Amino acid sequence: MFRAKAKNFFFDLTQCVSHPRSEEITPRLGMFRWNESGGSGKSAISLEIARIYAGSGRLLASYFFFRNAGDRSRMDRFAVTLASQLAAAVPTTASFIKAALKAEPGLLTHSVSLATRLERLVYRPFQAAVKRGLFAKNLTKGPFLIVVDGLDECDDKRGVEEFISHTLDFFKKHPSTPLRIFIASRVEQHIQAHLETDGVLVGNLDDYSPDEDINNFLHASFQIAEKQNPIIRAYIHGHGVWPTTQDMRMLVCHIRGSFVLASTIFKFIVQPATEEDPSTPMDRLPLTLGMNGLDGIYAQTLARSRHLPHFRDIISVIALKDPQSIVKIAELLDIQAFEIVHVLLNLQAIIHVPGSDERGDVTLCHTSLPSFHLHFSYYSFSICVKRSYVSWHSSSWQLFAKLGPGDFINEIEQLKARQPYVDRSLYHAFLSSSFFYSLFLDKMIPVSDAFAYLLTEITKQFALAAEYSASDSRLELWFDQRWCFPVPPYNLYQRVRFTEHVYKTLQHDLQRASIAIHAKFPEIIECQPHSTGKENESNIGRVDVVVFRWGTIDAFNALEWIVARAQCKWEELKETPRPPLELSLYYRSPSFRFSFNQQNMSDDFESPLISSSRSSVGR
1 MFRAKAKNFF FDLTQCVSHP RSEEITPRLG MFRWNESGGS GKSAISLEIA
51 RIYAGSGRLL ASYFFFRNAG DRSRMDRFAV TLASQLAAAV PTTASFIKAA
101 LKAEPGLLTH SVSLATRLER LVYRPFQAAV KRGLFAKNLT KGPFLIVVDG
151 LDECDDKRGV EEFISHTLDF FKKHPSTPLR IFIASRVEQH IQAHLETDGV
201 LVGNLDDYSP DEDINNFLHA SFQIAEKQNP IIRAYIHGHG VWPTTQDMRM
251 LVCHIRGSFV LASTIFKFIV QPATEEDPST PMDRLPLTLG MNGLDGIYAQ
301 TLARSRHLPH FRDIISVIAL KDPQSIVKIA ELLDIQAFEI VHVLLNLQAI
351 IHVPGSDERG DVTLCHTSLP SFHLHFSYYS FSICVKRSYV SWHSSSWQLF
401 AKLGPGDFIN EIEQLKARQP YVDRSLYHAF LSSSFFYSLF LDKMIPVSDA
451 FAYLLTEITK QFALAAEYSA SDSRLELWFD QRWCFPVPPY NLYQRVRFTE
501 HVYKTLQHDL QRASIAIHAK FPEIIECQPH STGKENESNI GRVDVVVFRW
551 GTIDAFNALE WIVARAQCKW EELKETPRPP LELSLYYRSP SFRFSFNQQN
601 MSDDFESPLI SSSRSSVGR
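According to full-length UniProt numbering, the sequence shown is numbered sequentially starting from 1.
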């Protein structure tokens, strides 16, 4: 299916690996960089490369990481699995592996570092077999290959860094080893930072168009659907070819290279009608062209079962817990298995439903996509505001935030760019609340001005939520809502270089929000005390044992205090131009607090955002 997209990539890869220009510059690691969202065929390419090298007898091992899949999402068994495959692929290495285990039994446990396990169980046994000429015939075809797919889906980021660093170090010490490592991964900082070296060939699959492959996939899939669906057959009998050539051209253009989106759109189009959604495949095809990627499909698909009993609980378990069978989910929720099946049958465009209640797990079709969890978080947020399902949104947002410190800001920025939701008030309210809680994450994206970025986005989205709000009760409910999240680290200490530019941005958007709220809901503004800026700090919510409770109004009051307090500080300093101030966020029982430090920020302050284990005791 991926032949057209892959053939040029395979040619480039095999030319580099099998016919290097000179030994001195031959890359030992092949890094297959991934710049777009998931679903464009990365793993399929890895599988095809593994198949090709296995066919020539030069595949040593392959390992495919999967997020939220037990051992496959960690480094725990990585070295042992590679060693096992090495012994199977090259039996002459087995004796060297056994000798290593006999000399050091701890290699099978976590008491030994990953680097040591890789060295003793994989690299050295392979070297020993090569030196003794035990498979010289295979070496005439070129170097051997290890394929590692989905490295970005491994939750053990330190282990990933250790694997890359040790492997590069090994090849520096042993440059003549006839081995290459092929890594397929999205670009993430902890991976990319270790791969920017001369020993790595970085390729980008985005350079190879997948449109022909996607067209072939859709054409074959619709042919199968025609044979299985009498409605489609009847339509074609009366109207001719469906989808038309123009339909296919527009679908391929709309899909924009994502095989996951192609598969999901096809499932959405041909899924059976329901009482809530009686539309036909012919009705749904033009609808997909108006949807903004996966977001619209998520919304449309989830809505098909939203009216059914236990919908919220079932979806929460599937999205927020490790994969479970239908029977196990039924036990967790204390409901019948058929009730779960009833909900899931309408959602098969985005959720995989096993053929048996007892065997196989119910899983998200796109567990590697943060966008699903972000959409699910928005979806649950919108219901929270209407029905007070606070814990549901809290859990879904936590899951999204845990996907990686480098993911959440980028994903939200993409969501903002798409702006897929008709209900703009709730959409902007969701962004404001989500950005606010992101201030308290113990692992933030380490980019310049991240804290200042969050502060300005919180205020901007707050203003937009107020301006888009109709004169109904939802904004008032949002203001009154109390969100419950796990307590952030007590030793959390964030600080930001608070400039006059940040101040003016916050002040402008707070004024917009106040004007909009006063015009539509004057009672909200009138009943709130306004900060004069004289207070030394601003309290945010309250910590109750293991729960951090805060409300939308807490965020608004904190932002107002920041603006008012900064104004007071600059008036006290009486300096022109206004120097940057140091704004801090920390914990002091019973709440988290904002404060401005006594001194202004020095000009040599290196990082606009610092998150450390520095304790706030005694502040």
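A virtual CB, placed ideally from N, CA and C, is assigned to each residue, including glycine. Note that the structure is predicted; figures quoted are calculated from it, not measured.
Can you tell me where the beta strand (DSSP E) holding residue i begins and where it ends?
i           : result
Arg77       : Here Arg77 belongs to no beta strand (DSSP E), and DSSP marks it neither H nor E.
Ala184      : 179-186
Asn539      : 537-540
residue 634 : Outside the modelled stretch of the chain, which goes from 1 to 619, sits residue 634, for which no answer is possible.
Leu583      : 581-588
Ile146      : 144-149
Trp494      : What sits at residue 494 in the sequence shown is Gln, not Trp. That run of the beta strand (DSSP E) goes 493-498.
Phe64       : 59-64
Considering only C-alpha positions, which residue in the set the options is nearest to residue i?
i      : options                        : result
Pro105 : Pro91, Ala452, Leu121          : Leu121
Ser514 : Tyr493, Ser469, Val502         : Ser469
Leu454 : Glu537, Glu575, Lys534, Leu559 : Leu559
Leu47  : Phe182, Val130, Ala129         : Phe182
Glu275 : Ser305, Ile314, Leu439         : Ser305
Asn491 : Leu114, Arg593, Glu571         : Arg593
Tyr63  : Glu358, Ala519, Ser73, Leu287  : Ser73
Glu196 : Phe217, Ser165, Arg359         : Ser165
Asp283 : Pro309, Tyr298, Asp247         : Asp247
Glu212 : Phe222, Arg256, His239         : Arg256
Ala220 : Pro243, Asp198, Ile191, Leu439 : Pro243
Gly360 : Ala337, Leu347, Ile326         : Ile326
Ile45  : Gln481, Ala516, Pro210         : Pro210
Ala128 : Arg117, Ala99, Leu107          : Ala99
Trp561 : Gln85, Glu582, Arg578, Ser538  : Ser538
Phe557 : Arg549, Phe548, Met250, Gly541 : At residue 557 the sequence reads Asn, which differs from the Phe that was named. Cα-wise, what sits closest to Asn557 is Gly541.
Leu564 : Ala519, Pro522, Leu510, Asn216 : Residue identity differs from the one stated: residue 564 is Ala in this sequence, not Leu. Closest by alpha carbon: Leu510.
Leu101 : Lys173, Ala83, Ala88           : Ala83
Indicate whether residue i and residue j have their beta-carbon atoms separated by less than 7 Å.
i      : j      : result
Asp152 : Ser176 : no
Leu344 : Ile351 : yes
Ile224 : Val252 : no
Lys267 : Ala349 : yes
Phe436 : Ala555 : yes
Phe596 : Lys569 : yes
Ile269 : Leu285 : yes
Phe144 : Arg58  : yes
Leu431 : Gln494 : no
Val546 : Pro590 : no
Ile231 : Thr280 : yes
Gln567 : Gly533 : yes
Val487 : Leu583 : no
Asp149 : Ser43  : yes
Lys172 : Ser56  : no
Residue i lies in the alpha helix (DSSP H); which residues open and close that run?
i      : result
Ile335 : From DSSP, Ile335 is part of no alpha helix (DSSP H); its letter is neither H nor E.
Phe436 : 424-438
Glu48  : 42-55
Phe462 : 450-468
Glu162 : 157-173
Ala115 : 114-118
Arg284 : 281-290
Go through its chain and collect everything with a Cβ distance to residue i's Cβ below 7 Å, but skip five positions before and after it.
i      : result
Thr499 : Pro580
Cys154 : Phe65, Ser73, Arg74, Met75, Val160
His428 : Gln461, Leu464, Ala465, Tyr468
Asp313 : Leu333
Leu308 : His342, Val343
Arg21  : Because Arg21 carries a pLDDT of 40, less than 50, the predicted location of this residue cannot be relied on, and no value is offered for it.
Glu226 : Ile232, Arg233, Ile236
Asp169 : none
Excluding the 5 residues flanking residue i on each side, which residues of the same chain have their C-beta closer than 8 Å to its C-beta?
i      : result
Val317 : Gln324, Ile329, Leu332, Leu333
Leu114 : Met75, Phe78, Ala79, Gly159, Glu162, Phe163, His166
Val390 : Residue placement at Val390 is flagged as unreliable, the pLDDT there being 44, under the threshold of 50; the coordinate-derived value follows with that caveat. Correct list, in chain order: Cys384, Gln481, Arg482, Trp483, Cys484.
Glu535 : Trp561, Arg565
Gly551 : Phe479, Asp480, Gln481, Arg482, Trp483, Gly541
Within its chain, find whatever has a CB closer than 6 Å to the CB of residue i; leave out the 5 residues flanking it on each side and keep chain order.
i           : result
Ile146      : Leu60, Ala61, Ile181
Pro125      : Thr93, Phe96, Ile97
Thr456      : Thr505
Met31       : Because the pLDDT of Met31 is 49, which lies under 50, any placement of that residue in the model is unreliable, and the question is left without a value.
residue 636 : Outside the shown range of the chain (1 to 619) lies residue 636, about which nothing can therefore be said.
Ser425      : Ala465, Tyr468, Ser469
With respect to 6 Å, is the separation between the Cβ of residue i and the closest non-hydrogen atom of the ligand SAH below this value?
i      : result
Phe222 : The model on display carries no ligand, and the ligand SAH is accordingly not part of it.
Q: Please list the segments of the alpha helix (DSSP H) lying wholly inside the stretch 225-258, counting only runs of 4 or more residues, in order along the chain.
A: 230-239, 245-255
(Q) If we require 4 or more residues per run, which alpha helix (DSSP H) segments fall completely within the stretch 506-534? (A) 522-526
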